[in-house]
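Participant: Let me give you the structure first, and then I'll get to my questions.
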Amino acid sequence: MYFPIADIHANPYIIFFVAFIVSFFTSMGGISGAFLLLPFQMSFLGYTSPSVSATNHVFNIIAIPSGVYRYIKEKRMLWPLARAIIIGTLPGVFIGAWVRIEYLPDPKNFKVFAGIVLLYIGWKLFKDVFLSKTKAKNNDLAVKGIGFNSLAVLDTSLKKVSFTFQGKLYAYKPASIYLICFFVGIIGGIYGIGGGSIIAPMLVTIIGLPVHVIAGAALLGTFVTSISGVIFYQFLAGLYPQVAVSPDWMLGALFGSGGFLGMYMGARVQKHVQAVYIKGILTFCILFIAIKYIAAIFVQFI
């Protein structure tokens, strides 16, 4: 099957299957999977123009609603956190999209940047999986189903948000979420991922929030910022006619259809799976891709 904007030939069944598998696992941790689909498109499909970032946003727009729906239905959506993620990320996404087109149009430079971002994400996940005994203990409780739908917001203000989950009290400062999400939004705008793959690990490892609670909020934030990203890329297409900026809607829709089913299933079974296992698989996948991309700096291999 030929995709004219991406200028590639690809098997639609492979695209659907890859998106389904990736989204099934990543959605359990509040990640859409776009960060893994990007290197798949660049290295396997040969889609290396700047429009690949916008196409990734299309994937997010189509795939994420099913996962968000499941988290809302199961009462595991932390709305104050979702709002903070959206407000903090949006300005950064616009800045990142412009940087991607203006300063990173060369695929080689972009792959190096992608490798550095993936390496950072991988390290965060590695620490959370292998160096955090507290997280592992919390995951065990979740799998046993102890008070799984017991999420309750206690206080919401500009200074502090507090809530209880599984009988434990959690609190965070919205200002810290805004700041983190702003810089993550810049990276996400460049990388074409909405930022969820960076935000989710940081919320767990830095802020100390439970992964089963932040998953829905992170996905919703990624969904909203991806809509803004696609709109902004379309706007930039008129300013940079010499650069392929507009998304490949057909390819994005095909990836999105696989992701739609994968995220729905992933969000549905999340409470039955220990997050540590999912993060462990993702850690090795991300680090492998990151090392491969960064190696391109020293050797002509990719």
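Residue numbers are given in my numbering: position 258 of the sequence shown equals residue 397, and the series is strictly consecutive. For each residue, glycine too, the CB sits at the ideal point set by N, CA and C.
1) Could you give the uninterrupted runs of the beta strand (DSSP E) lying entirely in the region 285 to 318, keeping only those of 3 residues or more?
2) So residue 306 and residue 235 are supposed to be a Cβ contact under 8 Å. How far apart are they, rounded?
3) Opposite residue 148 in the DSSP bridges: which residues?
4) Touch check for the region 198 to 205 and the region 397 to 409: three-plus C-beta pairs under 8 Å?
5) Between the C-alpha atoms of residue 308 and residue 182, what's the straight-line distance to the nearest angstrom?
6) When the Cα atoms are used, what is the spatial distance from residue 322 to residue 169?
7) Which whole-angstrom value is the C-beta distance of residue 326 and residue 342, which I expect to be below 8 Å?
8) Helix, strand or coil, according to DSSP, for residue 186 in the structure here?
9) Provide the residue span of the alpha helix (DSSP H) that contains residue 412, from first to last.
10) Would residue 216 and residue 355 be called neighbours here (beta carbons separated by less than 7 Å)?
11) Would you mind sorting residue 195 into buried or exposed? The rule is 16 or more other CB atoms within 10 Å of its CB.
12) Which complete alpha helix (DSSP H) runs does the region 365 to 409 hold, if anything under 4 residues is left out?
13) Are residue 263 and residue 344 closer than 7 Å when you measure CB to CB?
14) Where do the N-terminal and C-terminal ends of the alpha helix (DSSP H) with residue 238 fall, by residue?
15) Is residue 430 buried or exposed, if buried means 16 or more other CB atoms sit within 10 Å of its CB?
16) Closer than 7 Å by C-beta to residue 366: which residues in its own chain qualify, once you throw out the five before and the five after it? Chain order, please.
17) Out of 292, 304, 313 and 359, which has the shortest C-alpha to C-alpha gap to residue 298?
18) Relative to the C-alpha of residue 384, which candidate in 191, 437, 210 and 320 has its C-alpha closest?
19) Please classify residue 214: does DSSP put it in a helix, a strand, or coil?
20) Among 337, 404 and 213, which has the Cα closest to the Cα of residue 255?
21) Within the continuous alpha helix (DSSP H) that includes residue 342, where are the two ends?
22) Return the CA-CA distance between residue 197 and residue 373, expressed in angstroms with no decimal places.
23) Quick check on this structure: which residue in 162, 346 and 392 has the alpha carbon closest to the alpha carbon of residue 315?
24) Does DSSP put residue 204 in a helix, in a strand, or in coil?
25) Hey, out of 423, 437, 407 and 433, whose CA is closest to residue 213's CA?
26) Restricting to Cα atoms, I'd like to know which of 237, 437 and 424 is closest to residue 174.
27) Cα-Cα, which of 361, 422, 304 and 358 is closest to residue 348?
Facilitator: Once the coordinates are examined:
1) As far as the region 285 to 318 is concerned, its whole beta strand (DSSP E) runs of at least 3 residues are 291 to 295, 300 to 304 and 307 to 311.
2) Rounded, the Cβ-Cβ distance is 39 Å, inconsistent with contact.
3) Residue pairing from DSSP places residue 148 in a beta bridge opposite 141.
4) The region 198 to 205 vs the region 397 to 409: in contact.
5) So the alpha carbons of these two residues sit roughly 44 Å apart.
6) Distance between the alpha carbons of residue 322 and residue 169 is about 18 Å.
7) Residue 342 and residue 326 do not touch by the CB rule: their CB atoms are close to 15 Å apart, not below 8 Å.
8) In this structure, residue 186 counts as coil in the three-state DSSP scheme.
9) If you look at residue 412, you'll find it isn't in any alpha helix (DSSP H); DSSP assigns it neither H nor E.
10) Against a cut-off of 7 Å, the Cβ pair of residue 355 and residue 216 comes out as a contact.
11) Classification for residue 195: buried.
12) You should have 388 to 408.
13) For the 7 Å CB-CB criterion, residue 263 and residue 344 form a contact.
14) Per DSSP, residue 238 is one residue of the alpha helix (DSSP H) stretching across 218 to 242.
15) That one is exposed.
16) Same-chain partners within the cutoff: 200.
17) Nearest C-alpha to residue 298: 313.
18) Per the Cα distances, 191.
19) Reduced to three states, the DSSP call for residue 214 is coil.
20) Each of 337, 404 and 213 was checked against the Cα of residue 255, and the nearest Cα belongs to 337.
21) No alpha helix (DSSP H) holds residue 342; DSSP gives it neither H nor E.
22) C-alpha separation (whole angstroms): 12 Å.
23) Of the candidates 162, 346 and 392, the one whose C-alpha sits nearest the C-alpha of residue 315 is 346.
24) Helix at residue 204.
25) Residue 407 is the option with its Cα nearest to residue 213.
26) The option with the nearest alpha carbon to residue 174 is 424.
27) Closest in alpha carbon position to residue 348, among 361, 422, 304 and 358, is 304.
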